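To convert, note that position 207 of the sequence shown is 207 in full-length UniProt numbering; the numbers rise steadily by one, no gaps.
The beta carbon of each residue, even a glycine, is placed where N, CA and C say it ideally should be.
Since the structure is predicted, the reported quantities are computational estimates derived from the model, not experimental observations.
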Amino acid sequence: MDYNNSSPIEQSSFFEKISNSTVLKLFVIFFLSLILLIPLSLISDLTEERKNREQEVSGGIALNWGKEQVISSPVLAIPYRETIPLSAEKAEKSNLREELKWIFVSPKTSNITTDITPQHLSRGIYNAVVYNSNITLDGSFDKISLEKLEIPNEQIDWKGSKLIFGIQDFKGLGKRPSLNWDGNELTFDPDFNNLKLFTQNLVCPVPLDPQKTDNRFKIKLNLKGSKSLNFLPLGDQTNIQAKGNWANPSFTGAFLPGKRNTETSNFRLPGKSLLSVGSCRNNGQAMPVRSFSSITTSKMEMRAMSKSQHKPSALQLPLQITYWITQT
């Protein structure tokens, strides 16, 4: 018969050595870490899925409601015809052709006033913040100096003059914007073919008298959008005012508003005056937005906690004012 001669003291000593082993402790920690990676991976996948789904929902709502909007100050477009020789060697009449070109005149003064009303739209457990805005653009054009343009008066087609302003997404328009041009009530129509001055153009023929080219304008429009509301001021002096029923806007950018009122559930941005210089004359080609140079950005950012079951850290509705200056 065999007997185990090991004493209880020796056995307890062996287990104490194992329990106090640093290598064993590290192995246990490593094993537990691997086990915990499984639920962590599942949570990360769920978080990423919810994040992507929220972006899809916000994009889908914006696609139907209205995307980020960019609104420009109006530009006066005056057509003229220039005779150009087909070759530099021959200048006979049979070797000449007429080319239609445009003079683009930015306003001397431009005032932009907007009243913004944000709201929540839901799809499933997700919320998206969109806005309605009532916008008024008014101002005046200075008298056009033909001497500075160096264009003969007989080449200018004054009757073909148009007033153009651009927005980013036509889906956000509730109805056609109205125009008061020196007391004449007119309406804008979309233009997709001729003058591609901005991303999407609204054009209105205006009566322009060569003897009186200093005119006043007033544009009213209702515009829906999401994420941001941007302004493209093109006047020599532009004044921007914004207000809305949102309690916590934030302001960033090189030119912050000197005065602001955010003490109540509403915010108010008093007039921000800007000066810009330069001409707006085009050499026969439609002048895209890239022919302007951005000088600063002021962003008002709105945040609201989602009331749905899925609660992201914050929903943001930035109201961005971008100031531009024309290039000479």
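- According to the DSSP assignment, Leu149 belongs to the alpha helix (DSSP H) that extends over Leu146 to Leu149.
- Scanning the region 181-233 from its first residue to its last, the whole beta strand (DSSP E) runs of 3-plus residues come out as 184-187, 189-191, 200-205, 216-226 and 229-232.
- With contact defined as three or more Cβ pairs closer than 8 Å, the region 33-49 and the region 60-69 are not in contact.
- Assignment of Leu163 by DSSP, reduced to helix, strand and coil, places it in the strand class.
- Taking one beta carbon from each stretch, the region 66-85 and the region 196-206 have 3 or more pairs nearer than 8 Å; the two touch.
- Glu68 places its beta carbon 8 Å or farther from that of Gln200.
- In this structure, the beta-carbon distance from Lys218 to Thr83 does not fall below 8 Å.
- Here Glu98 has Arg81, Glu82, Thr83 and Ile84 as same chain residues with Cβ atoms under 8 Å from its own Cβ, once five neighbours each way along the sequence are excluded.
- Here the alpha carbon of Phe165 sits roughly 34 Å from the alpha carbon of Arg123.
- Fully enclosed beta strand (DSSP E) runs of no fewer than 3 residues occupy 69-72 and 75-85 of the region 15-103, in order along the chain.
- Asn111 and Asn239 have their C-alpha atoms roughly 5 Å apart.
- When the five nearest sequence neighbours on each side are left out, the beta carbons in the same chain lying within less than 6 Å of the beta carbon of Leu208 are those of Trp158 and Ser161, in order along the chain.
- With contacts defined by Cβ atoms closer than 8 Å, Tyr126 and Leu229 do not form a contacting pair.
- Approximately 23 Å separates the beta-carbon atoms of Ser140 and Asp189; this is outside 8 Å, ruling out the contact.
- Counting C-beta atoms within 10 angstroms of its own C-beta, Gly174 has fewer than 16 neighbours from the protein chains shown and is therefore classed as exposed.
- Per DSSP, the unbroken beta strand (DSSP E) holding Gln241 starts and ends at Gln237 to Gly244.
- Contact check for Val105 and Ile144: beta-carbon distance about 6 Å, within the 8 Å limit, so the pair qualifies.
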